[in-house]
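In our numbering, the protein residues as written are 312 to 578. Heads up, the beta-carbon is just placed ideally off N, CA and C, and yes, glycines get one too.
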């Protein structure tokens, strides 16, 4: 099995496929042309910059640089999760960043100490730590975004029910528990759905990339199984943490629902 190095021309041909998206938007009047153009440019620029940064980090092999990049990635993921929501409240940004940081770093430490032997990555830790962190963060921020939005939306739309429970003597947890559970469930559903069809309907990008790079299929499969479990754990921890932190922000110690602190923003 051999590895084919893609040229600039190859990438350009693939980029032209984006014209299909633009054509669909124009024909159906979706109004997505500007956003599609911006997304395309950002994809190219961001990945090229990442490539140069990773090339430098892989060459330098300094733990400080590796940890700094991973911290930046975690912070951006936390911010991005909130930017995708339509409902916000004071402290939501910090709750999201804290949840992302805690969940992703717990999972990555377990991965690099208990799953992948340190002897495999000790010579070049960035080769394992950064790609793993990226995959975990990408899915975790989606779960957090969905969970936070569902929590705020349900609490707002069913405010009367929440306040009635509180008036009847329920604690803040008893009043909010069904909505907290629904929010966490919503955040975890996408990764569970992905796990249900992986290998049957979809071939994950990490596994496909390894095979295209010349890895043995069974080796790629084992890595993908590990990745799926790491992603699932990160998503569960991140979503649960963010939703619980959100719950604490929206109910005070006197068991009052702070509905007025939730505001709707344009996505």
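Around the beta carbon of residue 535, 16 or more other beta carbons sit within 10 angstroms, so the residue counts as buried. Note on residue 562: 16 or more other CB atoms within 10 angstroms of its CB, so buried under the neighbour-count rule. By the Cβ test, the stretch 432 to 445 is in contact with the stretch 371 to 379, since at least three Cβ pairs between them sit closer than 8 Å. Under the three-state reduction of DSSP output, residue 346 falls in the helix class. Excluding five sequence positions before and after residue 551, the CB atoms of its chain that fall closer than 7 Å to its own CB belong to 495, given in chain order. With contacts defined by Cβ atoms closer than 7 Å, residue 491 and residue 558 form a contacting pair. Here the stretch 336 to 346 does not lie against the stretch 373 to 393, with fewer than 3 beta-carbon pairs under 8 Å apart. In the structure shown, residue 461 falls within a helical segment according to DSSP collapsed to helix, strand and coil. Short of 7 Å from the beta carbon of residue 422, and not among the five residues preceding or following it, lie these beta carbons of its own chain, in chain order: 443 and 541. The residue among 417, 318 and 543 with its C-alpha nearest the C-alpha of residue 505 is 543.
Apart from the 5 residues on each side of it in sequence, residue 447 sits with its Cβ closer than 7 Å to the Cβ of 415, 418, 419, 541, 542 and 545 in its chain, given in chain order.
Taking the Cβ atoms as the reference, residue 412 lies roughly 5 Å from residue 385, within the contact range of under 8 Å.
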